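Protein chains in written order, with full-length UniProt numbering: chain A, 1 to 308; chain B, 1 to 333; chain C, 1 to 285.
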Amino acid sequence: MSQKELLKVENLSVSFTGYERGFRQIDLQVIENLNVTVKKGEMVAVVGASGSGKSLLAHTLLGILPPNSTACGNIYFEGELLNAQKINQLRGKEIAFVPQSVTYLDPLKKVGSQVRKDKKVIESYRKQQELFSFYDLPAKTDNLYPFELSGGMARRVFLSAAMMETPKLIVADEPTPGLHLEAAKNSLKHFREFADKGGGVLLITHDIELALEVSDRIAVFYAGTTVEEAFASDFQSENLLRHPYTKALWRALPQNGFAPTPGVQPYVKDKPQGCVYAPRCSVYSSKCNSKIPMQTIRNGSVLCACAK
Amino acid sequence: MKTGHAVAVYLVKILVKLLLVLLAVSIICFVLISVSPVDPIRMYVGEVGMRNIQPETLAKLESYFGLDTPLTIRYFNWLSDFVRGDMGTSLIYRQPVIDVIGVRFVNSFALMLTAWLFSGILGFFLGVIAGIRRGRLTDKLVKGYSLLLASTPTFWLALVMLMVFAVWLKWFPIGLSVPIGVDASKVTIFDTLHHLFLPALTLSVIGVANIALHTREKMIDVMAEDYVLYAKARGKSTFSILRHHGIRNVILPAITLQFASIGEIFGGSVLVEQVFSYPGLGQAAVNAGLSGDSPLLLGIAVISAALVFSGNFIANALYGIIDPRIRRGLKND
Amino acid sequence: MTDITILQQYKKPRLNQRHKTLIYFIFAVVLLLCIAISGSLMGEIAITTRSDAKNLLPSMAHPFGTDWLGRDMLARTLKGLSISIVIGILASVISAILAGILGVLAASFGKKTDAVIEFLINVVLGIPHLLLLLLISYALGKGMFGVVIAVAVSHWPMLARVIRGEVLAIKEAPYVKIAKKLGQHNLKIARKHMLPHIFPQFLVGFILLFPHAVLHEAALTFLGFGLKPEQPGIGIILSESMKYLSLGMWWLAVFPGLALLSTVLLFDLMGSSLRSLIDPHSANK
């Protein structure tokens with residue numbers, strides 16, 4: 001394994017146990033055989049439609065999945081295989097989380113003390129003030145309650161909170177929705193800077209356009225699986241892309257014609273047997289009904305029987 | 001300064017709303033008592049007196065009780081007397097109602113306050129623990145205890161307590177808040193506490209159930225909130241999360257609930273006072289009801305409604321003062 | 001294939017939670033039926049006095065003992081419970097209907113109606129519950145009629161609020177809005193879309209009114225405001241037992257009380273298990 005690999009997620013599966021109407025207990029396999037890698041100094045965007053299980057990846061990496069879920073898979077951090085206990089030790093210190101909305105702040109507590117994790121040492125106050133001014137947050141932010149923050153301020157508060165310790169990896173879950181384009185770009189710029197200084201960023205988003213602007217690589221998620229890991233530069237041309245779904249995403253970009261793909265992502269319960277994308281695929285063939293292996297093509301990986 | 005103003009406006013709004021409710025409650029109590037088949041004159045002069053009564057005396061009494069005036073006028077007369085502190089004369093105690101209530105209020109208040117505080121603190125504590133340890137043994141015990149107690153008739157528990165601690169073990173007296181035959185002035189604090197203990201314990205044991213169950217549910221909700229997940233993701237320990245986020249978010253609803261459940265505690269105290277012959281408002285209300293003492297029953301009903309009113313007002317006011325979303329949000333409108 | 005690390009494992013309960021709930025529900029219903037039926041068959045035994053069997057401790061022949069007139073306490077208790085259950089059902093039905101009507105009115109006829117009903121709810125909740133019961137039964141004269149009405153008119157506010165909330169929520173539901181846009185008649189919408197959703201909530205609320213109704217009926221009777229001594233409700237039995245407590249006749253109070261407690265608990269179990277069957281979300285709690 002390369003020393004430069006900061007995070008490597010292999011064959012991650014997450015399932016939920018619940019009840020259907022009636023008495024049957026069922027397991028919902030929300031994430032299946034998910035793979036993604038983040039190298040040092042690299043920003044990797046995980047993109048996919050909502051409901052594809054993106055956020056659960058973040059929650060798994062931080063050990064905050066709900067109690068009725070089961071997760072297994074090999075997660076390596078700096079080459080070391082992690083278990084639940086090690087994740088608990090790393091989170092907040094080496095792995096920082098940037099959540100998606102202001103509901104991740106306690107509504108009854110002032111922002112400042114939440115960023116400082118309630119520590120009452122001068123060191124924490126100093127660092128917090130430094131970070132607030134670095135991220136252009138007004139000094140009074142310290143004394144505000146979460147409901148008084150604007151969307152953009154909340155993102156920068158979360159960033160400051162992430163930087164209170166010195167993390168090696170930032171896992172950001174949908175950090176841009178609800179922001180103006182400028183604010184969103186600005187917010188992503190900060191992640192880029194962090195990566196440029198040698199950190200790793202795993203950016204989870206549904207906004208492929210924004211992701212392409214700042215990321216080095218893109219992992220495309222579909223129905224709980226990574227169907228492709230591509231370089232951001234591959235998105236310059238459809239031919240460089242490997243998976244039919246990625247190509248469809250590419251065609252849906254405004255500059256490439258805004259072409260919608262017919263059909264919808266399958267609901268977890270009725271995922272097809274072989275390739276998850278088969279029902280919507282334009283190049284579907286009988287090969288797609290059996291188990292599909294991950295292939296490496298042009299230095300990127302793809303989960304497709306007929307990719308070239 | 002501006003915040004203070006906003007809170008004041010909020011408080012006045014609530015106060016007006018609750019006062020209207022209190023007024024309506026007093027009307028309802030008055031009407032209920034007036035339509036009762038119980039005849040106040042018969043109650044006042046007794047069966048024998050009724051047979052020998054002179055027509056002019058009867059007429060005098062009728063006008064004394066206001067039976068010759070319409071209900072609305074009677075209500076306004078009663079209300080104007082009431083706000084001046086005159087609630088009429090109790091028929092069974094032959095004393096001004098306000099005096100009867102005054103003495104008994106102190107007794108009941110001591111009983112209710114003890115039970116209120118004790119059940120509130122213990123219930124909150126149990127609820128928090130159960131909520132964090134959801135599904136484990138501690139949780140099951142607390143939940144089982146609370147569900148059991150919520151279904152337990154208060155008066156029956158009082159009977160059992162009386163049987164065990166007073167009849168068998170003889171640790172506590174069977175009744176009365178002071179020993180019989182002892183001059184009221186010689187009653188010591190110890191005597192009072194001795195008589196207060198069992199009723200207060202019964203009331204507390206019952207009261208714990210409600211607050212514990214509510215706090216538990218709230219705690220479970222809070223522990224699943226995004227901000228708790230975030231705190232976990234930032235490496236905070238369970239204890240620290242509990243201390244900095246859990247308690248803070250659970251205590252306000254718990255205090256509110258406890259203030260809002262004063263009516264329940266009052267109801268419990270009526271039953272408990274009856275079993276322990278504890279001379280409080282509840283026992284007086286029961287006596288008044290059983291022997292047709294309308295002025296006293298009405299007085300107690302309105303006073304108890306005022307007690308509920310105070311509880312609700314404090315509960316609402318606390319929200320306005322403690323919750324920053326109301327406190328600071330008011331600034332913006 | 002390399003080994004897979006298990007990061008989190010959800011331990012499934014051994015018994016399917018929902019099956020368990022169904023079993024609870026059936027258990028509660030059957031037991032309550034047994035109490036009600038056996039109680040109503042006990043009329044004769046419950047009032048048979050036997051001078052040769054006074055003040056007997058619980059035994060095989062008299063599991064709950066006998067009282068100062070030699071009456072079998074088990075029979076009296078069952079009889080008392082069945083009376084209480086009947087009153088409880090009667091009062092709950094009236095109360096639930098009131099709650100249903102007021103809840104729907106509050107949600108359907110605009111802000112003014114809503115405010116009036118909310119005010120009414122606050123007024124009812126503004127008097128300590130037991131005192132309100134006492135006042136109403138004082139106003140109506142004591143006895144069965146007074147108790148039923150007292151319990152009925154004091155228990156509806158909570159359920160009314162629930163129903164109001166449900167109706168308001170459904171009115172905003174997309175399928176109802178679509179039906180409205182499609183020009184469906186209001187009544188048809190109410191019958192086809194709203195009723196099927198609200199009725200289960202109503203049913204659960206109704207069943208959960210029960211334990212309160214039974215407890216309050218017993219309390220009121222215990223205080224002397226409810227049933228008359230010739231109608232031996234469970235409250236009467238317990239209040240009579242008070243006179244014999246100092247004589248050490250503990251069984252007169254303990255068993256009837258436990259039986260009342262179990263009845264209330266069973267009703268509660270019935271209501272809450274039905275609720276979790278209908279609304280799976282609450283089942284996870």
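Think of the CB as a built atom: it goes at the ideal place given N, C-alpha and C, for glycine as much as any other residue. Note that the coordinates shown come from a computational prediction; the quantities given were computed from them, not determined experimentally.
Starting from R104/B and walking both ways along the alpha helix (DSSP H), at which residues does that stretch end? The residue labelled residue 104/B in the question sits at position 104 within the second sequence. Annotation for R104/B: the continuous alpha helix (DSSP H) segment containing it runs V97 to I132.
Quick one: is P179/B near chain C, going by C-beta distance under 8 Å? For the purposes of this step, residue 179/B is identified with residue 179 of the second sequence, where counting begins at 1. Low confidence applies to P179/B: its pLDDT is 47, below 50, so where it sits in the model is not reliable, and the reading given next is rough at best. No - not a single Cβ of chain C is within 8 Å of the one on P179/B.
Over the uninterrupted beta strand (DSSP E) stretch that includes G300/A, give me the two end residues. Here the question's residue 300/A lines up with position 300 in the first sequence. G300 to V302 is the extent of the beta strand (DSSP E) around G300/A.
Go ahead and label A91/C buried or exposed: buried means 16 or more other beta carbons lie within 10 angstroms of its beta carbon, across all protein chains shown. Here residue 91/C corresponds to residue number 91 of the third sequence, with the count starting at 1. Here A91/C is buried. Its C-beta has 16 or more other C-beta atoms within 10 Å.
Based on the DSSP output, what are the partners of N74/A in its beta bridges? Position 74 of the first sequence holds residue 74/A. Answer is E10/A, bridged to N74/A.
Using the rule of at least 16 other Cβ atoms within 10 Å of the residue's Cβ for burial, across every protein chain shown, is A60/C buried or exposed? Translated into positions along the third sequence, residue 60/C becomes position 60. According to the sequence provided, residue 60/C is Met. The question's Ala does not apply to it. Answer is exposed; the Cβ neighbour count stays below 16.
Residues near Q100/A in its chain [Cβ-Cβ closer than 6 Å; skip 5 each side]: Residue numbering aside, residue 100/A sits at position 100 when the first sequence is read from its first letter. Contacts found: D173 and E174.
With a cut-off of 8 Å, does the C-beta of I28/B fall near any C-beta of chain C? Position 28 of the second sequence, counting from 1, holds the residue named residue 28/B. Interface with chain C (8 Å Cβ-Cβ cutoff): I28/B is included.
Does the beta carbon of Y138/C come closer than 8 Å to any beta carbon on chain A? As a first step, residue 138/C must be located in the third sequence, where it is residue number 138. Among the CB atoms of chain A, none fall inside 8 Å of the CB of Y138/C.
Label G183/C either buried or exposed according to how many other C-beta atoms from any shown protein chain fall within 10 Å of its C-beta, with 16 as the threshold for buried. For the purposes of this step, residue 183/C is taken as the residue at position 183 of the third sequence. With fewer than 16 Cβ atoms within 10 Å of its Cβ, G183/C is classed as exposed.
May I ask you to list, following chain order, the residues of the stretch 246-268 of chain B that have a beta carbon less than 7 Å from some beta carbon of chain A? Those residues of the stretch 246-268 of chain B that come within reach of chain A (Cβ to Cβ, closer than 7 Å) are R248 and N249.
Reduced DSSP category for residue 314/A - H, G, I as helix; E, B as strand; rest coil: Since the displayed chain A opens at 1 and closes at 308, residue 314/A lies outside it and no answer follows.
Is the stretch 207-226 of chain B in contact with the stretch 252-268 of chain B, if contact means three or more CB pairs nearer than 8 Å? In this structure the stretch 207-226 of chain B lies against the stretch 252-268 of chain B, because at least three pairs of beta carbons, one per stretch, are closer than 8 Å.
I think H206/A touches L303/A, with their Cβ atoms under 8 Å apart; what is that distance to the nearest whole Å? Residue numbering aside, residue 206/A sits at position 206 when the first sequence is read from its first letter. Residue numbering aside, residue 303/A sits at position 303 when the first sequence is read from its first letter. Actually they do not touch by this definition, with Cβ atoms about 20 Å apart.
Can A230/A and G300/A be called in contact, C-beta distance under 8 Å? Start at 1 with the first residue of the first sequence, and residue 230/A comes out as number 230. Start at 1 with the first residue of the first sequence, and residue 300/A comes out as number 300. Closer than 8 Å, so yes.
Check the DSSP bridge columns for E80/A and list the partner residues they point to. Start at 1 with the first residue of the first sequence, and residue 80/A comes out as number 80. According to DSSP, E80/A bridges with F77/A.
Three CB pairs or more closer than 8 Å across the stretch 199-218 of chain C and the stretch 149-161 of chain C: Contact holds: three or more Cβ-Cβ distances are below 8 Å.
Three-state secondary structure assigned by DSSP to R325/B: Reading the second sequence from its first residue, position 325 is the one you call residue 325/B. DSSP, read as helix, strand or coil, puts R325/B in helix.
Selection of the stretch 228-243 of chain B by Cβ proximity to chain A, strictly under 9 Å: With the criterion set as a beta carbon lying under 9 Å from some beta carbon of chain A, the members of the stretch 228-243 of chain B are V228, L229, Y230, A231, K232, A233, R234, G235, K236, S240 and R243, in sequence order.
Spell out whether any CB of chain C is found under 8 Å from the CB atom of S291/B. For the purposes of this step, residue 291/B is identified with residue 291 of the second sequence, where counting begins at 1. Output row for S291/B: interface = no.
Among Y75/B, I322/B and S108/B, nearest to L271/B - alpha-carbon criterion: What you label residue 271/B is simply residue 271 of the second sequence in a count that begins at 1. Comparing Cα positions, the closest option is S108/B.
Nearest chain B C-beta to A218/C closer than 8 Å, yes or no? For the purposes of this step, residue 218/C is taken as residue 218 along the third sequence, with counting starting at 1. With respect to chain B, the C-beta atom of A218/C has a partner C-beta closer than 8 Å.
Mind checking the stretch 72-86 of chain A against chain C and listing, in chain order, the residues whose C-beta falls within less than 9 Å of any C-beta there? Taking 9 Å as the Cβ-Cβ cut-off, the stretch 72-86 of chain A approaches chain C at C72, G73, N74, I75, L81, L82, N83 and A84, given in chain order.
Using the C-alpha atoms, what's the distance from V98/A back to A130/B? In the second sequence, the residue the question calls residue 130/B occupies position 130. In the first sequence, the residue the question calls residue 98/A occupies position 98. Cα atoms of A130/B and V98/A: separation of roughly 31 Å, rounded to the nearest angstrom.
Would you call the CB atoms of C92/A and R234/B closer than 8 Å? Indexing the first sequence from 1 puts residue 92/A at position 92. Indexing the second sequence from 1 puts residue 234/B at position 234. The question names Cys, but residue 92/A in the sequence shown is Gly. Yes; because the gap between Cβ atoms is below 8 Å, this pair is in contact.
Just checking T192/B against the ligand MG - is the residue's beta carbon closer than 7 Å to any of the ligand's heavy atoms? Only the bare structure without any ligand can be found here, which leaves the ligand MG out of the picture.
Per DSSP, which one or two residues make a beta bridge with Y230/B? Position 230 of the second sequence holds residue 230/B. Y230/B pairs with nothing; no bridge assigned.
Residue range of the beta strand (DSSP E) that T37/A falls in? Here residue 37/A refers to the residue found at position 37 when the first sequence is read from its first residue. For T37/A, the uninterrupted beta strand (DSSP E) run begins and ends at Q25 to K39, by DSSP.
Residue range of the alpha helix (DSSP H) that M194/C falls in? Translated into positions along the third sequence, residue 194/C becomes position 194. It is not in any alpha helix (DSSP H) - M194/C carries neither H nor E in the DSSP assignment.
Is there a C-beta anywhere in chain A that falls below 8 Å from the one on L7/C? Working through the third sequence from its first residue, we reach residue 7/C at position 7. Under the Cβ distance rule, L7/C counts among the residues neighbouring chain A, one pair being separated by less than 8 Å.
Curious, which full-length beta strand (DSSP E) runs of at least 3 residues does the stretch 147-200 of chain A contain? DSSP runs (the beta strand (DSSP E)) wholly in the stretch 147-200 of chain A: 169-173.
Under DSSP, the beta strand (DSSP E) around T226/A begins and ends at which residues? Within the first sequence, the letter at position 226 stands for residue 226/A. Its beta strand (DSSP E) spans residues T225 to F231.
What distance in whole Å lies between the Cβ atoms of P200/C and I278/C, which are believed to be in contact at a cut-off of 8 Å? Mapped onto the third sequence, residue 278/C falls at position 278. Mapped onto the third sequence, residue 200/C falls at position 200. Contact holds; Cβ gap of about 5 Å.
Should K142/C be labelled buried (16 or more other beta-carbon atoms within 10 Å of its own) or exposed? In the third sequence, counting from the first residue as 1, residue 142/C sits at position 142. It counts as buried.
Check the Cβ-Cβ distances between V160/B and every residue of chain C, and say whether any is below 8 Å. By one-based count along the second sequence, residue 160/B stands at place 160. Answer yes: the Cβ-Cβ gap between V160/B and chain C drops below 8 Å somewhere.
Proximal residues to L57/C (C-beta, below 6 Å), its chain only, five neighbours per side dropped: The residue labelled residue 57/C in the question sits at position 57 within the third sequence. For L57/C, where only same-chain residues beyond five positions count, the Cβ hits under 6 Å are G65.
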